[in-house]
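According to our numbering, the residues represented by the sequence shown are 25 to 234, in order.
We put the beta carbon where it would ideally sit given N, CA and C, even for glycine.
This report refers to the structure that appears directly beneath it.
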Amino acid sequence: MPLAVRWPFPAGPPLCSRLVLGLVGTYSCLWTRYLNRLRVHNAEVLHELVERRGPRTPLLTLSNHQSCMDDPHLWGSLKLRHIWSLHKMRWTPTAADICFTRELHSRFFSLGRCVPVCRGDGVYQRGMDFVLEKLNQGDWVHVFPEGKVNMGQEFVRFKWGETPMPIIPLCAPHFPLCTSRSPLYPTQASGGSWLSAAWTPLSSPSGTAG
């Protein structure tokens, strides 16, 4: 399926991208911390890698996908100084048939460091090449390897298009208490916590198992 809009990168002035990421990220912090109850385990693992990994060391993170709002609400676990630092924030492959259907939408999501990936075009497509280039430059990339919103929390195979990505270092966030009846908005889970996130290191910056 070809991309319905023009290739969106470069997305525009860095200031515009910083504003989009900063404002949306700040909203996520307010939503998860003050309008809900957020419990994060091992947050220091992610913070350490975002702030202090080597300048050419890529960061690849992954998570399950239960709501269309997982990204950006996931970044409520970050600190505001991360969210407003453009070079520290993540890139993420994004479904082109959902987020990149109009030029206005394309501009917004690309400023938020979302990269269009076309379903059915396989591994070797422009979006995946762009993401790999960012990893090679030492940037942070976050992926949802299920490739879709998995409302039923079923065990589904990961999309094989993720396999070319390097895995040094690698963290895996997990949301055992995040539940939703809608693919758009998460709802409060039983037990009183809207979200419980556990950041688990799978390999260290040196490439050894953590």
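Secondary structure of Trp-99, DSSP reduced to three states: Under the three-state reduction of DSSP, Trp-99 is assigned to helix.
Cα-Cα separation, Asp-163 to Thr-56: The straight-line gap separating the alpha-carbon atoms of Asp-163 and Thr-56 is approximately 25 angstroms.
Three or more C-beta pairs below 8 angstroms linking the stretch 110–125 and the stretch 40–54: The stretch 110–125 is in contact with the stretch 40–54.
Ile-107 burial status per 10 Å Cβ neighbour count (16 or more: buried): Buried is the label assigned to Ile-107, since at least 16 other Cβ atoms lie within 10 Å of its Cβ.
Rounded separation between Val-167 and Asn-88 - CA only: A straight-line Cα-Cα distance of about 9 angstroms links Val-167 and Asn-88.
N- and C-terminal bounds of the beta strand (DSSP E) containing His-65: Looking at the DSSP string, the run of the beta strand (DSSP E) that includes His-65 is 62–65.
Own chain, CB closer than 8 angstroms to Arg-30, minus 5 neighbours either side, in chain order: Within the same chain, Arg-30 has close Cβ partners Glu-127, Ser-130.
Same chain, Cβ closer than 8 angstroms to Cys-142, five either side skipped, listed in chain order: Result list for Cys-142: Met-25, Pro-26, Leu-27, Ala-120, Asp-121, Gln-149, Gly-151, in chain order.
CA-to-CA distance, Val-147 to Gly-46, given in whole angstroms: One alpha carbon belongs to Gly-46, the other to Val-147, and they sit about 31 angstroms apart.
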